[in-house]
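> Using UniProt numbering, the first residue of the sequence shown is number 1, and each one after it goes up by one.
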Amino acid sequence: MLTKLPTELLHIVLGHLRFRDLETLLNIGGIAHVVRHCLVRRFRFQYQASSLLRQFEGMPSDTRKDQETRHSLANQLLELICQSVEKCARQDQRAKFTELLSSLEKWVVRRVLSGELPTGMELDYADLCLDIRYMYLHRPAVRVLHDAKYRRRSTKYPLAPFLPREFTSIWRRQCSQGAQMLAKSNNVLSVNNAPLCRAHATRLHFARFFGKLFKVTSLYLESNLDGTFQECVREALVSGDVESLIVMRSASGRQEDVESMCMMVSTAAEQLWAYLNSMGDLMMADPTSEQQARLVHPPVGIQDDDNNNDDIDGDDDDEALSSPPDWLMPQRYTIHDDTRLRLKIMDELCQKGWCWFN
1 MLTKLPTELL HIVLGHLRFR DLETLLNIGG IAHVVRHCLV RRFRFQYQAS
51 SLLRQFEGMP SDTRKDQETR HSLANQLLEL ICQSVEKCAR QDQRAKFTEL
101 LSSLEKWVVR RVLSGELPTG MELDYADLCL DIRYMYLHRP AVRVLHDAKY
151 RRRSTKYPLA PFLPREFTSI WRRQCSQGAQ MLAKSNNVLS VNNAPLCRAH
201 ATRLHFARFF GKLFKVTSLY LESNLDGTFQ ECVREALVSG DVESLIVMRS
251 ASGRQEDVES MCMMVSTAAE QLWAYLNSMG DLMMADPTSE QQARLVHPPV
301 GIQDDDNNND DIDGDDDDEA LSSPPDWLMP QRYTIHDDTR LRLKIMDELC
351 QKGWCWFN
């Protein structure tokens, strides 16, 4: 129907569409030139960046793995961001840089999670991301555009492209889905269950991509990467997704054994309880005026059960306010025995050379 519209009306229709919708319309030959003109006019950065990513995917495997080719493509992507940011006022440059970088990160991850990539291409994408990160960290002119005061920033929360911490929410969701998939499939992936097999392959694709991002490209990032890695190990063990953990660890090149990974969970629990105990002692010994008021008049959500019985039919919001946050739940610091056993078995298989996920 779009191909039958007059050019003026087609421009009006295209003007109300999002970038992803317009990108899809590029496949319609009759209006491709009009769509391309609209993309360049309205979404120049998005169109140019996505075109480079499509070009990367269309390369032969040997060409994608060539360091010079990958380096050139990473440089073009970073230059696209810088050119767009330089046009902004100085006070807006950091926000614009963050916005464009976030868009690029989302496009790459969307491709990895699409299920359309052949096995191994997620590692090529990870190498491209590492090249972008390396160039960013070793070019002061680029870093100044993102953060004019970067030389005085603490290394506790470093700024850099494609840091694993940007994708921990996806990792957590993938681990949860992996554990649910394992329970539903009774530990067996049938070749006749195509959706389950695709979801399994996509989950391992992301685990490989995610693990590769833990490569230390600068000492500036080392402590941050170590902390994020431990957090992700704990998430996989607590949720029970051992397979993703093994794949992620293998891609990262780290050599943590089973006991050291399990120790990360118990250590986090000990640190949490020690912190809570010290804060409790401090509050009882020298409470602030606000803490003193809370001790004398506790919030409604933590009063005695007798008082709460009258509010059983209250709003769900009140129940949510009275429930503890996720990081305080005991199950967030517990590894089930079967999870530990599966981890030992899979780790032993990897040590023997059977890497079924490659």
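Even glycine gets a Cβ: it sits at the ideal position worked out from N, Cα and C.
Predicted, not measured: the structure shown is a model, and the values here were computed from it.
Do V238 and R332 count as a contact pair if the criterion is CB distance below 8 Å?
As a working note, residue 332 is residue 332 in the sequence shown. As a working note, residue 238 is residue 238 in the sequence shown. In this structure, V238 lies closer than 8 Å to R332 by Cβ.
> Where does V216 sit, in a helix, a strand or coil, going by DSSP?
Within the sequence shown, numbered from 1, the residue matching residue 216 stands at position 216. In this structure, V216 counts as coil in the three-state DSSP scheme.
> May I ask you to report which of helix, strand or coil DSSP gives D127?
In the sequence shown, residue 127 corresponds to position 127, counting from 1. Helix.
> Taking the beta carbon of M329 as the centre, do at least 16 other beta carbons fall within 10 Å, making it buried, or is it exposed?
Taking the sequence shown and counting its residues from 1, one reaches residue 329 at position 329. It is exposed - the Cβ of M329 has fewer than 16 other Cβ atoms within 10 Å.
> Rounded to whole angstroms, what's the CA-CA distance from T63 to D338? Just pull it up for me.
Indexing the sequence shown from 1 puts residue 63 at position 63. Indexing the sequence shown from 1 puts residue 338 at position 338. Whole-angstrom Cα-Cα distance: 43 Å.
> Terminal residues of the continuous alpha helix (DSSP H) containing L145?
The sequence position of residue 145 within the sequence shown is 145, counting from 1. Looking at the DSSP string, the run of the alpha helix (DSSP H) that includes L145 is P140 to H146.
> Compare the Cα-Cα distances from G253 to each of K215, R18 and D131 and report the closest residue.
Position 253 of the sequence shown holds residue 253. It is K215 whose Cα lies nearest to the Cα of G253.
> I need the DSSP call for A268, collapsed to helix, strand or coil.
Sequence index remark: in the sequence shown, residue 268 carries index 268 (1-based). Here A268 sits in helix by DSSP.
> Rounding to the nearest angstrom, what Cα-Cα distance links H205 and I345 in this structure?
The residue labelled residue 205 in the question sits at position 205 within the sequence shown. The residue labelled residue 345 in the question sits at position 345 within the sequence shown. Each residue's Cα considered, the two are about 22 Å apart.
> For the region 36 to 55 against the region 101 to 112, are there 3 or more C-beta pairs whose distance is under 8 Å?
As far as the Cβ criterion goes, the region 36 to 55 touches the region 101 to 112, which means the pair count is three or higher.
> Select from Y275, G240, E8 and D131 the residue whose C-alpha is nearest the C-alpha of R70.
By 1-based counting over the sequence shown, the position of residue 70 is 70. With distances taken between Cα atoms, R70 lies closest to D131.
> Taking DSSP as the reference, what is the three-state secondary structure of P195?
Counting from 1 along the sequence shown, the entry for residue 195 is found at position 195. In the structure shown, P195 sits in a helix (DSSP, three-state: H, G or I).
> If you reduce the DSSP assignment to three classes, tell me which class P324 lands in.
Your numbering for residue 324 matches position 324 in the sequence shown. In the structure shown, P324 sits in coil (DSSP, three-state: anything other than H, G, I, E or B).
> Please report the distance separating the alpha-carbon of G280 from that of P287.
Here residue 280 refers to the residue found at position 280 of the sequence shown. Here residue 287 refers to the residue found at position 287 of the sequence shown. The straight-line gap from Cα to Cα measures roughly 10 Å.
> What does the alpha-carbon distance come out to for the pair L341 and K156?
To locate residue 341, count along the sequence shown from 1; it is residue 341. To locate residue 156, count along the sequence shown from 1; it is residue 156. Cα-Cα distance, rounded: 35 Å.
> Within 10 Å of its beta-carbon, does A141 have 16 or more other beta-carbons around it, so buried, or fewer, so exposed?
Here residue 141 is taken as the residue at index 141 of the sequence shown, counted from 1. So A141 ends up on the exposed side.
> Could you spell out where the alpha helix (DSSP H) holding Q91 opens and where it closes?
Residue mapping note: residue 91 aligns to position 91 of the sequence shown, counting from 1. Looking at the DSSP string, Q91 is not in any alpha helix (DSSP H), and its letter there is neither H nor E.
> Please indicate yes or no: does the CB of A141 lie closer than 7 Å to some heavy atom of the ligand NAP?
You won't find the ligand NAP in this model; it holds no ligand whatsoever.
> Using only CA atoms, which one of E290, R234 and D92 lies nearest to S176?
As a first step, residue 176 is located in the sequence shown; it is residue number 176 there, counting from the start. Cα-wise, what sits closest to S176 is R234.
> Look at the Cβ atom of S50, then the Cβ atom of E23, and state whether they are nearer than 8 Å.
Locating residue 50 in the sequence shown gives position 50, counting from the first residue. Locating residue 23 in the sequence shown gives position 23, counting from the first residue. Contact flag set, yes.
> Quick one: any contact between the region 193 to 204 and the region 109 to 125, if contact means 3 or more CB pairs under 8 Å?
Yes, the region 193 to 204 touches the region 109 to 125.
> Spell out a yes or no on whether the region 221 to 233 and the region 146 to 166 are touching, meaning 3 or more CB-CB pairs, one atom from each, closer than 8 Å.
Enough Cβ pairs lie closer than 8 Å, so yes.
> Please classify G15 as buried or exposed, where buried requires at least 16 neighbouring CB atoms within 10 angstroms.
The sequence position of residue 15 within the sequence shown is 15, counting from 1. Exposed, by the Cβ-count rule.
> Taking the alpha helix (DSSP H) that G227 falls in, what are its first and last residues?
Residue mapping note: residue 227 aligns to position 227 of the sequence shown, counting from 1. From DSSP, the alpha helix (DSSP H) with G227 extends over E222 to S239.
> Please determine, among R41, R36 and D127, the residue with the shortest C-alpha to C-alpha distance to K65.
One-based indexing of the sequence shown puts residue 65 at position 65. Checking every option, the nearest Cα to that of K65 belongs to D127.
> Quick one: what's got a C-beta closer than 8 Å to V144's C-beta in the same chain, skipping five residues either side?
The sequence position of residue 144 within the sequence shown is 144, counting from 1. Contacts found: Y150.
> Ordered along the chain, which non-local residues of its own chain (more than five positions away) have a Cβ less than 7 Å from that of T217?
Start at 1 with the first residue of the sequence shown, and residue 217 comes out as number 217. Counting only Cβ-Cβ distances below 7 Å, and skipping sequence neighbours, we find L130, R133, Y134 and L137.
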